[in-house]
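Protein chains in written order, with the numbering used here: chain V, 1 to 84; chain A, 1001 to 1538.
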């Protein structure tokens, strides 16, 4: 930030990197099919392949939610900074 | 399989159908606008929908009757590979989180109603905008036809629709009535009708899934037994399985990714998105829409239950309706059928509105009548929405069902080819408009030719959507391969065209337009008077 004399925050910040990671993680997990293409261990009789992907629905939802909250904070901070 | 008409189920089905019909017509009065004769009102519900309405509308729009019938049907006949729908819908939300808010902002600022409007404004190219519009209309038509296939499956199982030797008119009458009603209220109420009906549709769907996922496994002796009998069936058939084989993994991943990329290129997804009231509504929705993915996953498991319950159908599409008929008491089977039937009406309405908007804005106004007034635009859009539906109906009634499915498959491949222009355009103006057009053409031609060459045991052409990826040797989704080709051509030609200084066209947008939100200076004033006021609470 000190490099920006006009008070414009840098485009890439740690918070934004975290946001990006939250959004990229589901792609890595879901496209790496060989990591979950198996039957065992089962969960209440459901093969791993199915419950693992259903679990990722929840994980990716949580990650998107985190990204959303962080993004909101990021935007508020920037707007606040601009009007100050 | 029971013979004859299931009276109780049919009665419940008709009850719900009548209820949503009344709602569809009343919807015209819901949040009534002062300026009805504008496309913003009829075609985008006044751009006024908040988080919950948008959630129901998008859910009702994306998870169609065909989805409910086809996903478990794929599981029923193929096993694991049919489950790609779940990773597909998981990947959709991080994607739309990234690009849709930008599209919303720039569309709000410039009054864009369709994606082609944006493409024309961004690249100053009517040709490119026409390509995007035509692709959108072509991809949407078979999708509407497939909604009819969904209704037909339900009617068949209820015993309505008759056998093969019934008079065609008697056989198709229920379908004709359903579609006449749908067309009438879409015409009069516009996007407000499906938005209101979506509440009923999703309420019923969630209820049916919740009951099915608890009640049916108990009746079948638990998931252990269900998966054991499924394994048994796949082993005997020598095809399919409970987990994808190594050779099928590329296909699984590319199908999930390609479908996720394509979903929000479809005009009906964009229509539902642009009808939301603010940028934030869209982002907030990406955090609650996955509830539908969870439902879809549970629904997919019903395919295994159909195997375990001993449902034997030649046409996989009938597996789930038949499972409901076999397992549920008649009245609840009626509720389940109503859920699927209404599940077809909501997306069919939104799709026909979206296709009509594309025609009106990007063909009629751009090429035929540039000085059309908003009232004329709305009139044309309403008429085209009727035409589109009649076309879909004719398609389903006159041609074999597999034709609709083949075209739907092609539609997915085609619509993905509009992504570089649309999403590329949202982030950068670097791509050259002619390069984008050339890339699009290459993707369309390769995708169509490749799909034509896929044979299946039952069909010589269009037998599937996966093929060997050139140079990689793995089997993958054709749409994604075509998309990669498209991007390569676009990038290479952009370098060339920029080097020879080919005219880049006028960009009417500015960087700030892509992050503008409702309430920012310059955004509210630009809206039509009907929407400039505070939207009604809900």
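Idealized CB from N, CA, C, for every residue including glycine. For clarity, every value in this text was computed on a predicted model and none was experimentally measured.
Do we get a CB-CB distance below 8 Å when we pair residue i with the residues of chain V?
i: residue 1249 (chain A); result: yes
i: residue 1224 (chain A); result: yes
i: residue 1524 (chain A); result: A caution first: residue 1524 (chain A) carries a pLDDT of 44, below 50, which makes its placement in the model too unreliable to give a value.
i: residue 1277 (chain A); result: no
i: residue 1086 (chain A); result: yes
i: residue 1293 (chain A); result: yes
i: residue 1476 (chain A); result: no
i: residue 1090 (chain A); result: yes
i: residue 1283 (chain A); result: yes
i: residue 1001 (chain A); result: Note that residue 1001 (chain A) scores 43 on pLDDT, short of 50, meaning its location in the model is unreliable; the coordinates nonetheless yield the value given after this. So, not an interface residue.
i: residue 1138 (chain A); result: no
i: residue 1242 (chain A); result: yes
i: residue 1098 (chain A); result: yes
i: residue 1527 (chain A); result: Because residue 1527 (chain A) sits at a pLDDT of 42, beneath the cut-off of 50, its placement in the model cannot be relied upon, and the following sentence gives the value as read from the coordinates. Not an interface residue.
i: residue 1402 (chain A); result: no
i: residue 1059 (chain A); result: no
i: residue 1180 (chain A); result: no
i: residue 1253 (chain A); result: yes
i: residue 1287 (chain A); result: yes
i: residue 1416 (chain A); result: no
i: residue 1072 (chain A); result: no
i: residue 1374 (chain A); result: no
i: residue 1093 (chain A); result: yes
i: residue 1290 (chain A); result: yes
Who does residue i pair with in a DSSP beta bridge?
i: residue 1466 (chain A); result: A:1477
i: residue 46 (chain V); result: V:43
i: residue 1234 (chain A); result: Paired residue(s): none; residue 1234 (chain A) is not in a bridge.
i: residue 1276 (chain A); result: A:1049
i: residue 1241 (chain A); result: A:1079
Check whether the Cβ of residue i lies closer than 8 Å to any Cβ atom in chain A.
i: residue 23 (chain V); result: yes
i: residue 37 (chain V); result: yes
i: residue 47 (chain V); result: yes
i: residue 50 (chain V); result: yes
i: residue 41 (chain V); result: no
i: residue 33 (chain V); result: yes
i: residue 57 (chain V); result: yes
i: residue 64 (chain V); result: yes
i: residue 67 (chain V); result: yes
i: residue 13 (chain V); result: no
i: residue 10 (chain V); result: no
i: residue 79 (chain V); result: no
i: residue 83 (chain V); result: With a pLDDT of 46 at residue 83 (chain V), under the threshold of 50, the modelled position of that residue is not reliable, and no figure is offered here.
Less than 8 Å between the C-beta atoms of residue i and residue j, yes or no?
i: residue 1289 (chain A); j: residue 1059 (chain A); result: yes
i: residue 1203 (chain A); j: residue 1006 (chain A); result: no
i: residue 1261 (chain A); j: residue 1026 (chain A); result: no
i: residue 1088 (chain A); j: residue 1269 (chain A); result: no
i: residue 30 (chain V); j: residue 1090 (chain A); result: yes
i: residue 1189 (chain A); j: residue 1024 (chain A); result: yes
i: residue 1114 (chain A); j: residue 1361 (chain A); result: yes
i: residue 1305 (chain A); j: residue 1218 (chain A); result: no
i: residue 1455 (chain A); j: residue 1493 (chain A); result: no
i: residue 1079 (chain A); j: residue 1184 (chain A); result: no
i: residue 1175 (chain A); j: residue 1144 (chain A); result: no
i: residue 1157 (chain A); j: residue 1408 (chain A); result: no
i: residue 1076 (chain A); j: residue 1303 (chain A); result: yes
i: residue 1267 (chain A); j: residue 1061 (chain A); result: no
i: residue 1447 (chain A); j: residue 1482 (chain A); result: yes
i: residue 49 (chain V); j: residue 57 (chain V); result: no
i: residue 1191 (chain A); j: residue 1050 (chain A); result: no
i: residue 1255 (chain A); j: residue 1477 (chain A); result: yes
i: residue 962 (chain A); j: residue 1411 (chain A); result: Coverage of chain A is limited to positions 1001 through 1538, which leaves residue 962 (chain A) absent and any answer about it impossible.
Exercise for the section: Evaluate the contact criterion for the segment 1097–1109 of chain A versus the segment 1275–1291 of chain A: three or more CB pairs, one atom per stretch, below 8 Å. Expected result: yes
Exercise for the section: Report the residue ranges of all alpha helix (DSSP H) runs contained in full by the segment 1325–1397 of chain A; include only those spanning at least 4 residues, in chain order. Expected result: 1330–1359
Handout entry: Segment contact, 8 Å Cβ cut-off, at least three pairs: the segment 71–80 of chain V with the segment 1130–1144 of chain A
Key = No, the segment 71–80 of chain V does not touch the segment 1130–1144 of chain A.
Handout entry: Three CB pairs or more closer than 8 Å across the segment 1295–1308 of chain A and the segment 1451–1460 of chain A
Key = no
Problem - Touch test, the segment 1246–1253 of chain A against the segment 1348–1364 of chain A, Cβ-Cβ under 8 Å, three pairs minimum - result: Segments in contact, no.
Handout entry: Stretch-stretch touch, CB-based, cutoff 8 Å, three pairs: the segment 1233–1246 of chain A with the segment 1369–1388 of chain A
Key = no
Handout entry: Validate contact between the segment 1416–1430 of chain A and the segment 1457–1475 of chain A using beta carbons, cut 8 Å, 3 pairs
Key = No, the segment 1416–1430 of chain A is not in contact with the segment 1457–1475 of chain A.
Practice task
Any chance you could list the alpha helix (DSSP H) runs of at least 4 consecutive residues sitting entirely within the segment 1288–1330 of chain A, in chain order?
Solution key: 1290–1308, 1319–1327
Problem - Contact between the segment 1015–1022 of chain A and the segment 1322–1331 of chain A (3+ Cβ pairs under 8 Å) - result: no
Exercise for the section: Would you check if the segment 1092–1101 of chain A and the segment 1396–1407 of chain A touch, i.e. whether three or more CB-CB distances between them fall below 8 Å? Expected result: These segments do not touch.
Practice task
Please confirm if the segment 51–67 of chain V is in contact with the segment 9–27 of chain V, defined as three or more CB-CB distances below 8 Å between the two stretches.
Solution key: yes
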